[in-house]
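Comments concern the structure below.
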Amino acid sequence: MFRLLPATEGARDARHDESLIGLAAAHGPHACIWESDQGLVVPRTYQPFPRFAPACADFAAQGWPVALRQSGGGIVPQGPGIVNLSLAYAVEGKPLDHSDQAYLLICRVIGLALQEHGVTAQPQAVQGSFCDGRYNLAVGAGGQARKIAGTAQLWRRHRLDPLREYRQIVLVHALILASVDIDMVTLRANDFEQAVGNDRRYASTSAVSLSELCGSGWNPPSLTESLKQSLARKIAAV
17 MFRLLPATEG
27 ARDARHDESL
37 IGLAAAHGPH
47 ACIWESDQGL
57 VVPRTYQPFP
67 RFAPACADFA
77 AQGWPVALRQ
87 SGGGIVPQGP
97 GIVNLSLAYA
107 VEGKPLDHSD
117 QAYLLICRVI
127 GLALQEHGVT
137 AQPQAVQGSF
147 CDGRYNLAVG
157 AGGQARKIAG
167 TAQLWRRHRL
177 DPLREYRQIV
187 LVHALILASV
197 DIDMVTLRAN
207 DFEQAVGNDR
217 RYASTSAVSL
227 SELCGSGWNP
237 PSLTESLKQS
247 LARKIAAV
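The structure is reproduced here in structure tokens:
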């Protein structure tokens with residue numbers, strides 16, 4: 017069973033969930049549901065771009081600071097209306113033996129929470145979406161699919177003291193587009209790609225916010241909070 021951490025002020029940091037690795041190694045499976053401050057998050061593969069440092073300084077001045085994350089993938093936005101779900105737990109054996117199961121676990125939790133809001137989503141790649149991957153959660157099928165959540169993983173060998181064996185800890189993370197302006201966050205991602213000199217671009221039509229799917233019956237803060245509560249219930253049932 018996962019221990020769900022309460023939301024704290026530290027959860028505003030885009031790398032907040034990396035703290036779960038040590039907790040999972042010492043005390044068993046942990047989870048957190050959180051929203052970060054506004055910004056962009058990129059993997060370390062962006063650092064070699066010659067224009068990376070000045071682009072980060074420019075975006076920070078615009079109110080869009082850029083954070084480097086340890087997991088792979090591509091650029092993602094963060095901020096109000098974007099719900100993060102992170103799960104951390106220990107496994108026996110090699111990471112590659114458990115990678116797919118970790119993705120499927122977090123996709124199942126999110127999928128069940130979305131169903132409580134009348135939305136059906138399934139894991140699949142969505143061409144043109146930011147940080148695309150085969151374990152996105154998408155609404156619709158084929159060329160009509162739109163990404164509503166993206167996932168990533170981070171693995172660490174962890175040992176509490178010299179007398180214990182190393183343990184493999186997986187941190188699997190998902191970003192869920194709950195109540196966010198898709199056009200705006202896609203534009204910001206494209207602007208940063210251009211600023212660092214990368215030719216990768218994203219289409220706002222490749223992603224969708226839960227608020228768009230649920231219609232006018234919800235105001236954005238209430239919908240975001242409702243999604244968090246659904247996620248908490250599904251985590252408790254794992």
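According to the working numbering, the sequence shown holds residues 17 to 254 in order. Every residue, glycine too, gets a C-beta built ideally from N, C-alpha and C.
Shortest alpha-carbon distance to alanine 23 belongs to which of Ala161, Ala248 and Val125?
Within the sequence shown, numbered from 1, the residue matching residue 23 stands at position 7. If we check each option's Cα against that of alanine 23, Ala248 comes out closest.
What alpha helix (DSSP H) runs, 4 residues minimum, are completely inside the stretch 38-74?
Segments of the alpha helix (DSSP H) lying fully in the stretch 38-74: there are none.
Please report how far the alpha carbon of glycine 89 lies from the alpha carbon of tyrosine 151, in whole angstroms.
In the sequence shown, counting from the first residue as 1, residue 89 sits at position 73. In the sequence shown, counting from the first residue as 1, residue 151 sits at position 135. Taking the straight line from one Cα to the other gives about 11 Å.
Measuring only the C-alpha atoms, how far is alanine 205 from serine 222?
Numbered from 1 along the sequence shown, position 189 holds the residue referred to as residue 205. Numbered from 1 along the sequence shown, position 206 holds the residue referred to as residue 222. Approximately 13 Å between the Cα atoms of the pair.
Suppose you measure from the CA of tyrosine 62 to the CA of glycine 127; what does that come to, to the nearest Å?
The residue you call residue 62 lines up with position 46 of the sequence shown. The residue you call residue 127 lines up with position 111 of the sequence shown. Looking at the two C-alpha atoms, the distance is approximately 31 Å.
Assess contact between the stretch 32-45 and the stretch 186-193, defined as three or more Cβ pairs (one per stretch) separated by less than 8 Å. Is contact present?
Yes, the stretch 32-45 touches the stretch 186-193.
Measure the C-alpha to C-alpha separation of glutamine 131 and arginine 217 and round it to an integer number of angstroms.
On the sequence shown, position 115 is the one that residue 131 refers to. On the sequence shown, position 201 is the one that residue 217 refers to. Whole-angstrom Cα-Cα distance: 31 Å.
How close, in whole Å, do the beta carbons of leucine 203 and valine 224 come, if the pair is a contact with beta carbons under 8 Å?
Counted from its first residue, the sequence shown places residue 203 at position 187. Counted from its first residue, the sequence shown places residue 224 at position 208. Not confirmed; about 16 Å, so no contact.
Taking C-alpha atoms, which residue in Gln140, Arg124, Ala69 and Asp29 lies nearest to glycine 55?
For this step, residue 55 is matched to residue 39 along the sequence shown. Ranking the options by Cα distance to glycine 55, first place goes to Asp29.
By DSSP's criteria, proline 139 is part of a beta bridge. Which residues make up the other side?
Translated into positions along the sequence shown, residue 139 becomes position 123. Paired residues: Leu153.
Would you give the residue range spanned by the beta strand (DSSP E) that isoleucine 192 belongs to?
On the sequence shown, residue 192 is found 176 positions in, with the first residue counted as 1. Element bounds for isoleucine 192: 183-193.
When DSSP labels each residue in this structure, what does alanine 11 get in the three-state scheme?
Residue 11 is absent from the structure shown; the chain starts at 17 and stops at 254.
Three-state secondary structure (DSSP) at serine 102?
By one-based count along the sequence shown, residue 102 stands at place 86. In the structure shown, serine 102 sits in a strand (DSSP, three-state: E or B).
Figure out for me which residue from Gln210, Asn100, Met200 and Gln245 has the closest Cα to the Cα of alanine 168.
Counting from 1 along the sequence shown, the entry for residue 168 is found at position 152. Checked all of Gln210, Asn100, Met200 and Gln245; the closest Cα to alanine 168 is Asn100.
Would you mind reading off the limits of the alpha helix (DSSP H) that contains glutamine 210?
Along the sequence shown, one-based indexing puts residue 210 at 194. First-last of the alpha helix (DSSP H) with glutamine 210: 198-212.
Can you name the residues that DSSP bridges to arginine 85?
As a first step, residue 85 must be located in the sequence shown, where it is residue number 69. In DSSP, arginine 85 forms a bridge with Pro59.
Distance check for glycine 231 and arginine 183, CA to CA, integer angstroms please.
As a position in the sequence shown, residue 183 is number 167, starting the count at 1. As a position in the sequence shown, residue 231 is number 215, starting the count at 1. Straight-line Cα distance between these residues: approximately 45 Å.
Per DSSP, which residues does histidine 174 bridge with? Please list them.
As a first step, residue 174 is located in the sequence shown; it is residue number 158 there, counting from the start. According to DSSP, which records beta bridges pairwise, histidine 174 is partnered with Arg183.
Would you kindly work out how many angstroms separate the C-alpha atoms of proline 81 and glycine 158, rounded to a whole number?
Position 65 of the sequence shown, counting from 1, holds the residue named residue 81. Position 142 of the sequence shown, counting from 1, holds the residue named residue 158. Cα to Cα, proline 81 sits roughly 34 Å from glycine 158.
Nearest to glutamate 160 by CA position, among Arg172, Phe208, Gly149 and Gly144, is which residue?
As a first step, residue 160 is located in the sequence shown; it is residue number 144 there, counting from the start. In the sequence as displayed, the identity of residue 160 is glutamine instead of glutamate. It is Gly144 whose Cα lies nearest to the Cα of glutamine 160.
From this set, Ser220, Pro236 and Asp197, which residue's C-alpha is nearest glutamine 94's C-alpha?
Numbered from its first residue, the sequence shown carries residue 94 at position 78. Nearest of Ser220, Pro236 and Asp197 to glutamine 94, Cα basis: Asp197.
Ends of the alpha helix (DSSP H) at valine 125?
By one-based count along the sequence shown, residue 125 stands at place 109. Unbroken alpha helix (DSSP H) run through valine 125: 115-131.
Return helix, strand or coil for lysine 110, following the three-state DSSP convention.
One-based indexing of the sequence shown puts residue 110 at position 94. DSSP places lysine 110 in coil when its eight states are reduced to three.
Give the straight-line distance between the Cα atoms of proline 111 and glutamate 228, rounded to the nearest whole angstrom.
As a working mapping, residue 111 is identified with position 95 in the sequence shown. As a working mapping, residue 228 is identified with position 212 in the sequence shown. The alpha-carbon atoms of proline 111 and glutamate 228 are separated by roughly 37 Å.
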